[in-house]
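Asker: This is the structure I have questions about; it appears just below.
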Amino acid sequence: MTRLLPVLPLLAALAAPATAAPLAVGPDDTVQSVLGAQQGKRVTVRLTSGEELTGTVQSVGTQVVHLRQLAGKDFYDAAVALPAIIAVIVLTRD
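Under mature numbering (1 follows the signal peptide of the UniProt record, and there is no 0), the residues of the sequence shown are numbered -20 to -1, 1 to 74, in order.
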């Protein structure tokens, strides 16, 4: 039992829920820069067609964003044209 006591604070810290970061947008930001700041995080993009895609931002280029692990589409990734994106939606609180 006494061997477990030093481990308890570590377990408590790991069990605490992760806090989502607020979205920060500057006056010169673009869809490309907003997505670049979300690299490695889960986002939803709303397209000009009205469709929404949710995935993890893998990389952002000058023309497309690579979303991986698409929600509801197992085993699929997407390359989405930046001009087709009208909104970037991110989780800011749990």
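Backbone N, C-alpha and C define an ideal beta-carbon position, used for all residues, glycine too.
(1) Tell me which same chain residues have a C-beta within less than 6 Å of the C-beta of Ala67, skipping the five on either side of it?
(2) DSSP three-state call for Val14: helix, strand or coil?
(3) When the distance is taken between beta carbons, is Leu50 closer than 8 Å to Gly35?
(4) Classify Val37: buried if its beta carbon has 16 or more other beta carbons within 10 angstroms, exposed otherwise.
(5) Taking Val14 as the reference, which of Arg48, Ala59, Val60, Val40 has the closest Cα?
(6) Look up Ala51 in the DSSP assignment and say whether it is helix, strand or coil.
(7) Which residues in the same chain have their Cβ closer than 8 Å to the Cβ of Asp8, if we skip the five residues on either side of it in sequence?
(8) May I have the straight-line CA-CA distance separating Leu73 from Thr24, to the nearest angstrom?
Answerer: Considering the structure as presented:
(1) Within the sequence shown, residue 67 is the residue found at index 87, counting from 1. For Ala67, where only same-chain residues beyond five positions count, the Cβ hits under 6 Å are Arg26.
(2) On the sequence shown, position 34 is the one that residue 14 refers to. Reduced to three states, the DSSP call for Val14 is helix.
(3) Against the sequence shown, residue 35 aligns to sequence position 55. Against the sequence shown, residue 50 aligns to sequence position 70. Yes, they are a contact pair.
(4) As a working note, residue 37 is residue 57 in the sequence shown. Buried.
(5) For the purposes of this step, residue 14 is taken as the residue at position 34 of the sequence shown. Considering only alpha carbons, the answer is Val40.
(6) As a working mapping, residue 51 is identified with position 71 in the sequence shown. Three-state DSSP puts Ala51 in coil, outside helix and strand.
(7) Position 28 of the sequence shown, counted from the first residue, corresponds to residue 8. Taken in chain order, the list of residues that qualify is empty.
(8) For the purposes of this step, residue 73 is identified with residue 93 of the sequence shown, where counting begins at 1. For the purposes of this step, residue 24 is identified with residue 44 of the sequence shown, where counting begins at 1. A small fix is needed here, since residue 73 is Arg in this sequence, not Leu. C-alpha separation (whole angstroms): 15 Å.
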